[in-house]
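Here the structure is laid out as structure tokens; the discussion comes afterwards.
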Amino acid sequence: MTAVGTGTDTGTYAPKPGAAPLPRMIAAQAALETKMLLRNGEQLLLTVVIPTLLLVLFSSVDIVDTGSGEAVDFLAPGILALAVMSTAFTGQAIATGFERRYGVLKRLASSPLPRWALMTAKTASVLVTEVLQIALLTVIAFALGWSPHGNPAAVVLLLVLGTAAFSGLGLLMAGTLKAEATLAAANLVFLLLLVGGGVIVPLEKFPSGAQDVLGLLPISALSDGLRDVLQHGAGMPWGDLGILAVWAVAGLAAAGRWFRWE
Amino acid sequence: MRTEPVVQVQALVKRYGGKTAVDGLDLVARAGVTAVLGPNGAGKTTTVETCEGYRKPDSGTVRVLGLDPVRQSGELRPRIGVMLQSGGVYSGARADEMLRHVAKLHAHPLDVDALITRLGLDSCGRTTYRRLSGGQQQRLALAMAVVGRPELVFLDEPTAGLDPQARRATWDLIRDLRSDGVSVILTTHYMDEAEQLADDVAIIDAGRVIAQGSPEELCRGGAENTLRFTGRPGLDVGSLLKALPADCTAAELTPGSYRVVGKVDPQLLATVTSWCAQHGVMPDRISVERHTLEDVFLELTGKELRA
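Residue numbers (the numbering used here), protein chains in the order written: chain A, -5 to 256; chain B, 3 to 309.
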């Protein structure tokens, strides 16, 4: 161990500056962000507990009419969409909003970590969390009798585009509103989209005029696309992918334009 | 020691909305410890944050280690260490966790365990940042500024609100940084801190540097000093005044207690004592009051309260 002395041993602090290699910085940042998220009780409630409860509850109790077939076949794709939204949008918005408020983003901005690398690390952390969520929810859904169909590539593409769309919107909110406002708004949006985005309530239950509008939401596109593939074995759901791509481009561009670091 | 400046600010102007925070500020800081003093709202933090690359000058130029902090930020950031006035840490992170993380962003960091021990942060244990005491949070921010072995560290009010022990530990660390060749730019409200630590002091007011020099130079120059002695009551002050240089004043404040105000140097002391000898006066309790940095500061920036 190097002794950090009391002034008698000189040279301990002698300058030897340098940035760590980029992959190491990004890995360290992503690991820390993931650790912070998994340590946070409210975040776990949002990303793990609520989706799991909804999946179990609505699959086993006949509360909502989910159409013909097993309830879990309708619900599982919607819950996967909800899991993506909870992490990429709600969780990321709240965490980033408070990092901005408490000067974490500011402090990191003067560290050797470039801003783009910080954003890359955040994305990596979101993806790691989603993989954990999806693994858990998939196991539970199988236990409830889920029988998914379709092309895994289409599923991955939907999840990735959905993540991009929700990340853009979450970061836009975190980078422009006050942390408390982000906290409130992100939770409210989560709740509204949970109800009105085809997650557990089929969009067909809404009046037809409302359906057209609700169908354009990123959560509806994601849950509808996942359902087309996983429940009905459809090919590439181009319409839903298109909607998600538009949200992703618009959200990320707006976040890039208006995000304030302090 | 005339080395290349570590910080060079020329004619810096920075406005927020209609308010001018920094108004044509010039500052040169060389190797060693430079203290930036000024009343609240004088422009200290804005100046330092411009050097750190956080703010873009409205006009003027800023060079830090010869680099433009905004356009050459990628090159500059690994070479500097930054301690913000507050915050900068994930609220759910432990002290050692955050410090280890910042160390991982650098190529040749200090030994984290040793730094933790040195700054007394081992007492933080598993406590997360939001539950640390203000002093622990300050020391963690200081540790984060130095862990990457920078050439230059910016410390924004590093001892604000610290208890005397923590303050001393911070001072000791700053002295060690200096003796190991790390340059330090430090903003502070504490005059004794600047007097103790700084090779060079810049006093900022209303967005400009109004005085700069070593603490000794600042205390010597401009400000008048005081010589006091006691003796028999009712001495002839007029005769004393005639013996003194023209710009001095002398007065008997209370019976037997005399005060001479002026440029106090060995010559003046000799003049007073020989005048006393001529008049058969034993000057008792003769004392010279050197002006402190605080006197100079208040003289330059005024005594009224600032917003």
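Every residue, glycine too, gets a C-beta built ideally from N, C-alpha and C.
Less than 7 Å between the C-beta atoms of residue i and residue j, yes or no?
{"i": "A:Q23", "j": "A:A115", "result": "yes"}
{"i": "B:A97", "j": "B:L142", "result": "yes"}
{"i": "B:I82", "j": "B:L199", "result": "no"}
{"i": "A:L155", "j": "A:A242", "result": "yes"}
{"i": "A:Y7", "j": "B:V184", "result": "yes"}
{"i": "A:G139", "j": "A:E64", "result": "yes"}
{"i": "B:K16", "j": "B:D60", "result": "yes"}
{"i": "B:G62", "j": "B:L14", "result": "yes"}
{"i": "B:L107", "j": "A:S105", "result": "yes"}
{"i": "A:M79", "j": "A:F160", "result": "yes"}
{"i": "B:T189", "j": "B:V24", "result": "no"}
{"i": "B:I187", "j": "B:T36", "result": "yes"}
{"i": "A:L211", "j": "A:G191", "result": "yes"}
{"i": "B:Q87", "j": "B:D158", "result": "yes"}
{"i": "B:A109", "j": "A:G12", "result": "yes"}
According to DSSP, simplified to helix, strand and coil, what is residue i?
{"i": "B:K106", "result": "helix"}
{"i": "B:D267", "result": "coil"}
{"i": "A:T2", "result": "Because the pLDDT at A:T2 is just 47, under 50, the model does not fix this residue reliably, and the value given afterwards should be weighed accordingly. Correct three-state label for A:T2: coil."}
{"i": "B:L134", "result": "coil"}
{"i": "B:Q74", "result": "coil"}
{"i": "A:A249", "result": "helix"}
{"i": "A:F92", "result": "helix"}
{"i": "B:I212", "result": "strand"}
Does the beta-carbon of residue i have 16 or more other beta-carbons within 10 angstroms, so that it is buried, or is it exposed?
{"i": "B:H103", "result": "buried"}
{"i": "B:E291", "result": "exposed"}
{"i": "A:K199", "result": "exposed"}
{"i": "B:E54", "result": "buried"}
{"i": "A:S54", "result": "exposed"}
{"i": "A:N34", "result": "buried"}
{"i": "A:I57", "result": "exposed"}
{"i": "B:L144", "result": "buried"}
{"i": "A:W232", "result": "exposed"}
{"i": "A:P9", "result": "buried"}
{"i": "B:W277", "result": "buried"}
Would you say residue i faces chain A, with C-beta separation under 7 Å as the test?
{"i": "B:D178", "result": "yes"}
{"i": "B:K16", "result": "no"}
{"i": "B:E54", "result": "yes"}
{"i": "B:S135", "result": "no"}
{"i": "B:R141", "result": "no"}
{"i": "B:A225", "result": "For B:A225, the predicted model reports a pLDDT of 49, less than 50, meaning its position is unreliable and no value from the coordinates is stated."}
{"i": "B:K265", "result": "no"}
{"i": "B:T5", "result": "no"}
Report the CB separation of residue i from residue j in whole angstroms; it is logged as a contact under 8 Å.
{"i": "B:G94", "j": "B:T130", "result": "5 Å"}
{"i": "A:I73", "j": "A:P45", "result": "5 Å"}
{"i": "B:R261", "j": "B:A253", "result": "6 Å"}
{"i": "B:V38", "j": "B:I206", "result": "6 Å"}
{"i": "B:V148", "j": "B:L112", "result": "7 Å"}
{"i": "B:P257", "j": "B:P235", "result": "4 Å"}
{"i": "A:L112", "j": "A:L102", "result": "6 Å"}
{"i": "B:E310", "j": "B:T228", "result": "Residue 310 of chain B is absent from the model: chain B starts at 3 and stops at 309."}
{"i": "A:R254", "j": "A:G169", "result": "6 Å"}
Using a Cβ-Cβ distance cut-off of 7 Å, determine whether residue i contacts chain B.
{"i": "A:L26", "result": "yes"}
{"i": "A:V122", "result": "no"}
{"i": "A:K98", "result": "A quick correction: the sequence has Val, not Lys, at residue 98 of chain A. So, interface residue."}
{"i": "A:S119", "result": "no"}
{"i": "A:M113", "result": "no"}
{"i": "A:P9", "result": "yes"}
{"i": "A:P106", "result": "yes"}
{"i": "A:W241", "result": "no"}
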